[in-house]
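>
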Amino acid sequence: MQSNDLQIDSIPPPAKKILFWLKLAVLSVILAYITYTLGQQPANWNRVWQHFQQTNWAGSLALGLVLLTPVNWALEALKWKILIRRVEAVSLTEAYQGVLAGLSLGFALPAQVGDTAGRVLSLRSGRRAEGLGASLVSGGMQFYVALLFGTAAWLHQLLTVPARDTTAGRLLFGLLTSMLLAGLGLVQVRRRLQPADNPRPWLRQLTTYLQVAGQYTSAEFIRALLVASLRYLTFSLQFYMALRLYGIALPVDDMAAGIGLVFLAKTITPAFNLLSDLGVREAASLWVFAPYGVVAPLLLTATLTLWLVNVLLPVLVGLVWVWRLRWSVDLPFRRSRAAGAEAS
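Sequential numbering from -10 applies to the sequence shown in my numbering.
Here you go:
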């Protein structure tokens, strides 16, 4: 009988080194791009700090930005509550705690490992393999929503920004559209993800984690997808407020398209875990809004403000729940030792 407990397989040291240097190289490129763009501006980081100091935090835009933060993460918790109920029934408060714990762990663990670990380790039952699958579905839904809105945003820029309407730009639009269609195909075949249908051991192990995806009804998928979309619109509104807070005012459709492209870039770019995704959003913003003549210091101040309010603040709150996680994990060597004890 297969265990439902989460297995942790060690990554070979050479692979860890390659992954580390790859992340460092890409992160260096991002930081270099930000530095280069700032160098082309008649301002410096002192201007960014000045803009931040002059922020009217008592104004409606700043208050709205801050007050939408718990709403944003409450929607993520609601999506998690809908999806994890196939594994374990949790309250919205428990789901919220798991989400914040995962957000905090994401600062220390690579990619989405921290987010998944925080949620899975918050479960009371031992069905953590299925919990891992539910977490993958949750992340996949948010990715798909970002891809959907991002594709529409890229189409808008293709039609309105001459610099984007190139062969490469049109090929990118075709690739994004293909990814959207592939996502619909995955939803259709999800019920086939059953361990018994796969003769290869490694594939059986993989589908053990993913089989929960085949248990969701269409109604559950639609509800979770709607919540994911509502959450996307919430943090997009927060980004809009942050831009307006620093006097960045463009036509609404251009602002919406720019925000959609920034979040698309942030979604498809690997997480580097240097203070979470700090740097990715900033570099994407500088590139996306460059055709509109928005000065870099204002953009950087707006994106840093969004990061402070919408990421760092919830991370600090989530640290409280990290200490309450159930850290017991059934490792393979522990199972082998238990099996030996039973045999003796």
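In this text, a Cβ means the ideal position worked out from N, Cα and C, and glycines have one as well.
It should be emphasised that the depicted structure is a prediction, and the values quoted were computed from it without experimental measurement.
1) Among the residues of its own chain, which have a CB less than 6 Å from the CB of SER93, if the five just before and after it don't count?
2) On a Cα-Cα basis, can you pick out the residue from LYS70, PRO280, LEU234 and VAL251 that is closest to TRP46?
3) Assuming the contact rule is C-beta atoms closer than 8 Å, LEU253 and ALA152 should be a hit. Round their C-beta distance to whole Å, please.
4) Please check the pair VAL201 and GLY122, which I expect to be a contact at CB under 8 Å, by giving their CB distance rounded to whole angstroms.
5) If you count every other CB in all the chains shown that lies within 10 Å of the CB of ARG313, and 16 or more means buried, which is it?
6) Please name the residue, chosen from LEU136, GLY128 and LEU250, that lies closest to TRP69 on a Cα-to-Cα basis.
7) I need the straight-line Cα distance from ALA118 to THR149, nearest angstrom please.
8) Which whole runs of the alpha helix (DSSP H) in the segment 38 to 122 are 4 residues long or more, in chain order?
9) By how many angstroms is the C-alpha of LEU219 removed from the C-alpha of LEU64?
10) Is the distance from the Cβ of LEU54 to the Cβ of MET244 below 8 Å?
11) With a 10 Å radius around its C-beta and 16 neighbouring C-beta atoms as the bar for buried, classify LEU61 as buried or exposed.
12) Locate the alpha helix (DSSP H) running through GLN177, then write down its first and last residues.
13) Applying the 10 Å Cβ sphere with the 16-neighbour rule, what's the burial state of THR82?
14) With a threshold of 16 other CB atoms inside 10 Å of the CB of ASN345, please say whether the residue is buried or exposed.
15) Enumerated in chain order, which unbroken segments of the alpha helix (DSSP H) with a length of 4 residues or greater are wholly contained in the segment 229 to 300?
16) With a cut-off of 8 Å on the beta carbons, I'd call ILE237 and ALA291 a contact; round off their distance for me.
17) Assign TRP296 to one of two classes, buried (16 or more other C-beta atoms within 10 Å of its C-beta) or exposed (fewer than that).
18) How long is the line joining the alpha carbons of MET130 and ALA213, rounded to whole angstroms?
19) Determine the burial state of ASP277: buried for a count of at least 16 other Cβ atoms within 10 Å of its Cβ, exposed for fewer.
20) Do GLY139 and ARG108 have their CB atoms nearer than 8 Å?
21) Note down, in chain order, each residue of its chain lying with its Cβ closer than 8 Å to the Cβ of LEU77, except the 5 sequence neighbours on either side.
22) What would DSSP say about ARG220, mapped onto helix, strand or coil?
23) Please determine, among GLU271, VAL37, ILE73 and PRO59, the residue with the shortest C-alpha to C-alpha distance to LEU199.
24) Are the CB atoms of PHE367 and LEU144 nearer to each other than 8 Å?
25) Could you give the distance in angstroms between the alpha-carbon of LEU334 and the alpha-carbon of THR156?
26) Excluding the 5 residues preceding and the 5 following VAL37 in the sequence, name in chain order all residues of the same chain whose CB lies nearer than 8 Å to its CB.
27) Assuming THR386 and LEU302 form a contact by the criterion Cβ under 8 Å, report the distance between their Cβ atoms to the nearest whole angstrom.
Straight from the coordinates:
1) Position 104 of the sequence shown, counted from the first residue, corresponds to residue 93. VAL304, GLY307, LEU308 and VAL311.
2) Residue mapping note: residue 46 aligns to position 57 of the sequence shown, counting from 1. That would be LEU234, whose Cα lies nearest to the Cα of TRP46.
3) Within the sequence shown, the letter at position 264 stands for residue 253. Within the sequence shown, the letter at position 163 stands for residue 152. Rounded, the Cβ-Cβ distance is 17 Å, inconsistent with contact.
4) Your numbering for residue 201 matches position 212 in the sequence shown. Your numbering for residue 122 matches position 133 in the sequence shown. Their Cβ separation, rounded to whole angstroms, is 4 Å, which keeps VAL201 and GLY122 in contact under 8 Å.
5) Residue 313 sits at position 324 when you count from the first residue of the sequence shown. That one is exposed.
6) Locating residue 69 in the sequence shown gives position 80, where the first residue counts as 1. Closest by alpha carbon: GLY128.
7) For the purposes of this step, residue 118 is taken as residue 129 along the sequence shown, with counting starting at 1. For the purposes of this step, residue 149 is taken as residue 160 along the sequence shown, with counting starting at 1. Rounded to the nearest angstrom, the two C-alpha atoms are 46 Å apart.
8) 49 to 73, 81 to 94 and 102 to 109
9) Taking the sequence shown and counting its residues from 1, one reaches residue 64 at position 75. Taking the sequence shown and counting its residues from 1, one reaches residue 219 at position 230. About 8 Å.
10) Locating residue 54 in the sequence shown gives position 65, counting from the first residue. Locating residue 244 in the sequence shown gives position 255, counting from the first residue. No.
11) For this step, residue 61 is matched to residue 72 along the sequence shown. Just to set this straight, residue 61 is Asn in the shown sequence, not Leu. Buried, by the Cβ-count rule.
12) Your numbering for residue 177 matches position 188 in the sequence shown. Counting along the chain, the alpha helix (DSSP H) containing GLN177 begins and ends at 156 to 177.
13) Residue 82 sits at position 93 when you count from the first residue of the sequence shown. With a threshold of 16 other beta carbon atoms within 10 Å, THR82 falls short and is exposed.
14) Nothing about residue 345 can be read from this structure; the chain reaches only from -10 to 333.
15) 241 to 257, 269 to 277 and 285 to 296
16) For the purposes of this step, residue 237 is taken as residue 248 along the sequence shown, with counting starting at 1. For the purposes of this step, residue 291 is taken as residue 302 along the sequence shown, with counting starting at 1. Going by Cβ atoms, the distance from ILE237 to ALA291 rounds to 6 Å, so yes, they are a contact pair.
17) Residue 296 sits at position 307 when you count from the first residue of the sequence shown. Flag for TRP296 reads buried.
18) Your numbering for residue 130 matches position 141 in the sequence shown. Your numbering for residue 213 matches position 224 in the sequence shown. Straight-line Cα distance between these residues: approximately 8 Å.
19) Translated into the one-based positions of the sequence shown, residue 277 becomes position 288. The sequence given here places Val at residue 277; Asp does not occur at that position. Per the 10 Å Cβ criterion, buried.
20) Residue numbering aside, residue 139 sits at position 150 when the sequence shown is read from its first letter. Residue numbering aside, residue 108 sits at position 119 when the sequence shown is read from its first letter. Result no, Cβ atoms of GLY139 and ARG108 do not sit closer than 8 Å.
21) By 1-based counting over the sequence shown, the position of residue 77 is 88. Correcting the residue identity first, residue 77 is Glu in this sequence and not Leu. So the qualifying residues of the chain are LEU112, ARG113, SER114, ARG116 and GLY120.
22) The count along the sequence shown starts at 1 and reaches residue 220 at position 231. If DSSP states are grouped into helix, strand and coil, ARG220 belongs with the helices.
23) Taking the first residue of the sequence shown as 1, we reach residue 199 at position 210. Of the listed residues, the one whose Cα sits closest to LEU199 is ILE73.
24) The requested residue 367 is not part of the displayed model; the chain covers only -10 to 333.
25) This structure gives no information on residue 334, because the portion of the chain shown stretches from -10 to 333.
26) Here residue 37 refers to the residue found at position 48 when the sequence shown is read from its first residue. Once the five neighbours on either side are set aside, the close Cβ partners of VAL37 are PRO286, LEU289, THR290 and LEU293.
27) One cannot answer for residue 386 here, as it falls past the ends of the chain, which runs -10 to 333.
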